[in-house]
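The opening position of the sequence shown corresponds to residue 1248 in this note's numbering, with each subsequent residue numbered one higher.
Ideal placement from N, C-alpha and C gives every residue a C-beta, glycine not left out.
Worksheet for the structure shown next.
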Amino acid sequence: MSEIDEVSIFHYNISSQPLNVSVKYEKKIFGDFKTIAEFNRQSVFFKIKKYVKIYSQIVSICLKKNQIIITPDFQIVSFILSNRYLLGIFKTRLIYHQFELIEDNLISERDTKKLQSIKKYSEHIDLAIFPEENRLHFFCKQTRLSVNNTFLFPNTCRLSVDDEVSDLLKVIPRGSIVFGHVGNVGSDHYIREFLDAIERCNDKNVFFVMIGRQSKAVEELTRGVRNPNFIVIRELPHAELKKIYPLIHYGLILYKGVDRNYEYCAPNKLYEYWSYGIPVIAHRLTGLINVVSNDILGKLLDFDKNELTDVVHSLGETPIPDRRGLRYYFKENLDIDLHLEKLRNRIQSL
């Protein structure tokens, strides 16, 4: 784990103009994270100077009226709560936006103390934002934060309007069904089950595409696949990746619940697939059960029981799915603009 060296803070003057959560804020970067070893090498004088700077920067924000401080770092939340009288005197609002679940058993002793201070003063957090419901309830139980002070904001995006296709997959005949995995995957996740399903598929009309940076262990596994309909593409720039999605019919999420962050995962890749009208196939992780909530969004399986192989075979014999239904559902229920509007209203009410 890392030790906070300085601090990144977003803040916004809520009295100046209507709040636009996505762009109308000021970002101040006062420093970055250092490893514990690097932190320990810093002199006492340097550390004192550093924390005086952090303190003065936070004070300068709080001295202005109607300020909102937004941070994704629980260490910063702890630091601000330890000086919570500033928030009370100057009526500054504090918002914590969590992206990584805090695992008590994996954090350092210093971070454990910071988490304890959050638990002690959690009533001074005006709003905590989470990408997934289980993470929300886990943090509330962890810190005694009231559920009333939380907001669910998925890692979603806007509906895709891209329909240009890449030449990288021109070898795939028109009318074929394509299963795709986009992004990195570790060898401790369900990569073996995915490759086994590929090896067992004898349908010449079914293709598999794997795109993303690979570790040496994963590279070695993929080299052993003998199915000629398996295509591996190294990491692509996003502009080129957008041309791949229109060619994929089913998107794979291969996460395994190796820790709480994966068990309660809420990957933005999920919403990226859906924005292109691509249903998802994933293991039945706790974090996905409430998200993949109906058949139009995809299927949750038990990858430990080889259900992936059976589903690949079944879908390979069905007609090519129509993207329009899922794209319409995404626009009406999952598009980020819908959630931004709700978040704007919630922040304005603080």
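ask   = Comparing alpha-carbon positions, which option in 1343, 1401, 1413 and 1403 lies nearest residue 1387?
value = For the purposes of this step, residue 1387 is identified with residue 140 of the sequence shown, where counting begins at 1. If we check each option's Cα against that of residue 1387, 1343 comes out closest.
request  = Report the option in 1548, 1496 and 1514 whose CA atom is closest to the CA atom of residue 1421.
outcome  = Walking along the sequence shown from the start, residue 1421 turns up at place 174. Here the closest residue by C-alpha is 1496.
inquiry  = Tell me which residue opens and which closes the beta strand (DSSP E) that residue 1548 is part of.
reply    = Against the sequence shown, residue 1548 aligns to sequence position 301. Note, residue 1548: beta strand (DSSP E), 1545-1548.
query = Taking the alpha carbon of residue 1364 as the point to measure from, which residue in 1382, 1330 and 1441 has its own alpha carbon closest?
reply = In the sequence shown, the residue the question calls residue 1364 occupies position 117. It is 1330.
query = Between the segment 1356-1374 and the segment 1546-1564, do three or more beta carbon pairs fall short of 8 angstroms?
reply = no
Whole-angstrom distance between residue 1597 and residue 1328, CA atom to CA atom = Locating residue 1328 in the sequence shown gives position 81, counting from the first residue. Locating residue 1597 in the sequence shown gives position 350, counting from the first residue. Rounded to the nearest angstrom, the two C-alpha atoms are 17 angstroms apart.
Beta-bridge pairing of residue 1318 - partner residues as DSSP gives them = Within the sequence shown, the letter at position 71 stands for residue 1318. Answer by DSSP bridge pairing, in chain order: 1343.
key: Candidates 1562, 1487 and 1572, of which the one nearest residue 1406 by Cα   = Numbered from its first residue, the sequence shown carries residue 1406 at position 159. When each option's Cα is compared against that of residue 1406, the closest is 1572.
inquiry  = Taking the alpha carbon of residue 1478 as the reference point, which residue from 1415, 1522 and 1535 has its own alpha carbon closest?
reply    = Locating residue 1478 in the sequence shown gives position 231, where the first residue counts as 1. Selected option, being the one with the closest Cα: 1415.
key: Buried or exposed (CB count within 10 angstroms, at least 16 for buried), residue 1485   = Translated into positions along the sequence shown, residue 1485 becomes position 238. Burial call: exposed.
task = Note down, in chain order, each residue of its chain lying with its Cβ closer than 7 angstroms to the Cβ of residue 1396, except the 5 sequence neighbours on either side.
result = Counted from its first residue, the sequence shown places residue 1396 at position 149. Only 1372, 1373, 1374 and 1375 meet the Cβ criterion.
query = In terms of residues, what are the limits of the alpha helix (DSSP H) holding residue 1292?
reply = Locating residue 1292 in the sequence shown gives position 45, where the first residue counts as 1. Residue 1292 -> alpha helix (DSSP H) spans 1291-1309.
Same chain, Cβ closer than 6 angstroms to residue 1492, five either side skipped, listed in chain order = Walking along the sequence shown from the start, residue 1492 turns up at place 245. Within the same chain, residue 1492 has close Cβ partners 1523.
task = Assign residue 1502 to one of three DSSP states: helix, strand, or coil.
result = The count along the sequence shown starts at 1 and reaches residue 1502 at position 255. Correct three-state label for residue 1502: coil.
key: Straight-line gap, residue 1538 to residue 1291 (C-alpha atoms, nearest Å)   = Here the question's residue 1538 lines up with position 291 in the sequence shown. Here the question's residue 1291 lines up with position 44 in the sequence shown. Using only the alpha carbons, I get a separation of about 48 angstroms.
message = Let me make sure I understand the geometry here. Which of 1510, 1369, 1441 and 1332 has the alpha-carbon closest to that of residue 1536?
response = Here the question's residue 1536 lines up with position 289 in the sequence shown. Comparing Cα positions, the closest option is 1510.
task = Could you tell me whether the Cβ atoms of residue 1315 and residue 1594 are closer together than 8 angstroms?
result = Translated into positions along the sequence shown, residue 1315 becomes position 68. Translated into positions along the sequence shown, residue 1594 becomes position 347. Cβ distance < 8 angstroms, so residue 1315 and residue 1594 count as in contact.
task = Ignore the nearest five residues each way along the sequence and tell me which others in residue 1554's own chain have a CB closer than 8 angstroms to its CB.
result = Position 307 of the sequence shown, counted from the start, is the residue given in the question as residue 1554. Hits under 8 angstroms: 1548.
key: residue 1486 - containing alpha helix (DSSP H), residue span   = For the purposes of this step, residue 1486 is identified with residue 239 of the sequence shown, where counting begins at 1. Start and end: 1485-1488.
inquiry  = Please confirm whether residue 1498 has its beta-carbon closer than 8 angstroms to some beta-carbon of chain C.
reply    = In the structure shown, chain C cannot be found, because there is only a single protein chain.
inquiry  = Just verifying my parser: in three-state terms, what is the DSSP assignment at residue 1560?
reply    = Here residue 1560 refers to the residue found at position 313 of the sequence shown. Here residue 1560 sits in helix by DSSP.
task = In angstroms with no decimal places, state the Cα-to-Cα distance between residue 1580 and residue 1514.
result = The residue you call residue 1580 lines up with position 333 of the sequence shown. The residue you call residue 1514 lines up with position 267 of the sequence shown. Residue 1580 and residue 1514: Cα-Cα distance of roughly 17 angstroms.
query = Do the segment 1301-1315 and the segment 1354-1364 touch if we need at least three Cβ pairs shorter than 8 angstroms?
reply = no
query = Excluding sequence positions up to five away, which residues of its chain have a Cβ less than 8 angstroms from the Cβ of residue 1236?
reply = For residue 1236 there is no data in the structure shown, the boundaries of the chain being 1248 and 1597.
key: Whole-Å CB distance - residue 1441 paired with residue 1419, under 8 angstroms assumed   = Position 194 of the sequence shown holds residue 1441. Position 172 of the sequence shown holds residue 1419. Contact flag wrong, Cβ pair sits at about 18 angstroms.
Neighbourhood of residue 1457 by C-beta, 6 angstroms cutoff - its chain only, sequence neighbours within 5 removed = On the sequence shown, position 210 is the one that residue 1457 refers to. Closer than 6 angstroms at the Cβ level, and outside the excluded window around residue 1457, lie 1428 and 1479.
ask   = Are residue 1391 and residue 1366 closer than 8 angstroms when you measure CB to CB?
value = Taking the sequence shown and counting its residues from 1, one reaches residue 1391 at position 144. Taking the sequence shown and counting its residues from 1, one reaches residue 1366 at position 119. Yes, they are a contact pair.
query = What's the call for residue 1262, buried or exposed, on a 16-neighbour Cβ count within 10 Å?
reply = Along the sequence shown, read from residue 1 onward, the residue named residue 1262 stands at position 15. Residue placement at residue 1262 is flagged as unreliable, the pLDDT there being 40, under the threshold of 50; a coordinate-derived value is accordingly withheld.
ask   = Out of curiosity, what's the CA-to-CA distance linking residue 1301 and residue 1502?
value = Working through the sequence shown from its first residue, we reach residue 1301 at position 54. Working through the sequence shown from its first residue, we reach residue 1502 at position 255. For residue 1301 and residue 1502, the distance between alpha carbons rounds to 37 angstroms.
key: beta strand (DSSP E) segments (min. 3 residues) lying fully within the segment 1411-1448   = 1424-1429
ask   = So, helix, strand or coil for residue 1529, using DSSP?
value = Translated into positions along the sequence shown, residue 1529 becomes position 282. Residue state, collapsed to three classes: strand.
Through-space distance from residue 1451 to residue 1403, alpha-carbon basis = By 1-based counting over the sequence shown, the position of residue 1403 is 156. By 1-based counting over the sequence shown, the position of residue 1451 is 204. Spanning the two alpha carbons is a distance of roughly 34 angstroms.
query = From 1576, 1369 and 1288, pick the residue whose C-alpha is nearest to that of residue 1326; which is it?
reply = To locate residue 1326, count along the sequence shown from 1; it is residue 79. The candidate whose alpha carbon is nearest that of residue 1326 is 1369.
request  = For residue 1596, name the three-state secondary structure that DSSP assigns.
outcome  = Translated into the one-based positions of the sequence shown, residue 1596 becomes position 349. Residue 1596 falls in the coil class under three-state DSSP.
request  = Taking residue 1352 as the reference, give the member of 1345, 1389, 1318 and 1319 with the closest Cα.
outcome  = The residue labelled residue 1352 in the question sits at position 105 within the sequence shown. When only C-alpha atoms are compared, the closest one is 1389.
inquiry  = Which of the three DSSP states is assigned to residue 1467 in this structure?
reply    = Taking the first residue of the sequence shown as 1, we reach residue 1467 at position 220. Three-state result, residue 1467: helix.
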